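Colleague:
In full-length UniProt numbering, the protein residues as written are 1 to 246.
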């Protein structure tokens, strides 16, 4: 597991998402739709749907909008059917990138993703070309200044897989297997240690440090991809400094 704090990148991405709230709502609604169609409309029996609803409410989406998306997905209301597609490729500097999409038009989506890679000096790869570098896990992230001892003790009791403390800024990540994420998150919340950000994500086993113009190109590519309508999540193994966003 890479040992560098993700906090700065998390905050940059969060700021970018907040600035595009309309698009963020669209992405969340698509995730709710796919989750409900795949696992049913009852969040108590559908962890993926429950996680999507939590994300929606955390973004101040109304319950009416959430319920309408679920009803469309389960056939109670007319709606659009989305397909899950993953693209893999490389950004400048040998940075590996995974792009997860939900789309109703594969031709449009692959054209948009390929264009983004080409525009910023990257290239789209084949299935499996970079996915082996990543693993799926639950991550609860705590801001710099969080109570290390208390969080560590609570995380161990909650059944976390690992606790990573980043010495450069004091931020903390509590890591869980994907299927234990909801239980660990609930236990941490109950113990009074709600995470600043909590999600099931993909993280690389080893990060690639890029600097200068290369880092700026990588950051632009990742932001461009995240801004595409059909893109739900973008994962990379880039270790970017503050100069990447200059």
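All C-beta atoms in this analysis are idealised placements derived from N, C-alpha and C, irrespective of residue type, glycine included. Predicted model only: the values in this text are computed from it and were never measured.
Any idea what DSSP makes of residue 117, helix, strand or coil?
Modeller: In the structure shown, residue 117 sits in a helix (DSSP, three-state: H, G or I).
Colleague: What residues in its chain sit with their C-beta under 8 Å from that of residue 163, if we drop five residues either side in the sequence?
Modeller: 151, 152, 155, 156, 172, 173, 174, 175
Colleague: Between which two residues does the beta strand (DSSP E) carrying residue 70 extend?
Modeller: First-last for residue 70: 63–73, but that is the alpha helix (DSSP H), not the beta strand (DSSP E).
Colleague: Decide yes or no for the touch test of the stretch 93–110 against the stretch 46–61: beta carbon pairs closer than 8 Å, at least 3 of them.
Modeller: no
Colleague: Provide the residue span of the alpha helix (DSSP H) that contains residue 52, from first to last.
Modeller: 47–58
Colleague: Put residue 103 into one of helix, strand or coil per three-state DSSP.
Modeller: strand
Colleague: Taking contact to mean at least 3 C-beta pairs separated by less than 8 Å, is the stretch 220–234 in contact with the stretch 112–121?
Modeller: yes
Colleague: Would a C-beta distance cut-off of 8 Å place residue 133 and residue 204 closer than the cut-off?
Modeller: yes
Colleague: On the DSSP bridge assignment, give the partners of residue 203 in chain order.
Modeller: 135
Colleague: Could you check which residue in 128, 136, 34 has the C-alpha nearest to that of residue 79?
Modeller: 34
Colleague: When we look at the beta-carbon of residue 147 and count the other beta-carbons within 10 Å, is it buried (16 or more) or exposed?
Modeller: exposed
Colleague: Apart from the five residues on each side of it in sequence, which residues of its chain come closer than 7 Å, Cβ to Cβ, to residue 232?
Modeller: 27, 30, 31, 100, 101, 102
Colleague: Among all the DSSP beta bridges, which residues are the ones paired with residue 83?
Modeller: 103
Colleague: Please determine, among 190, 168, 130, 126, the residue with the shortest C-alpha to C-alpha distance to residue 144.
Modeller: Restricting attention to 190, 168, 130, 126, the CA atom closest to the CA of residue 144 is found in 168.
Colleague: Please list, in chain order, all residues of the same chain as residue 129 whose beta carbon is under 6 Å from its beta carbon, the five residues on each side excluded.
Modeller: 88
Colleague: Can you find the residues in the same chain that come closer than 8 Å, C-beta to C-beta, to residue 215, ignoring five residues on each side of it along the sequence?
Modeller: Counting only residues of its own chain and dropping the five nearest sequence neighbours on each side, residue 215 has a CB closer than 8 Å to the CB of 93, 238, 240, 241, 243, 244.
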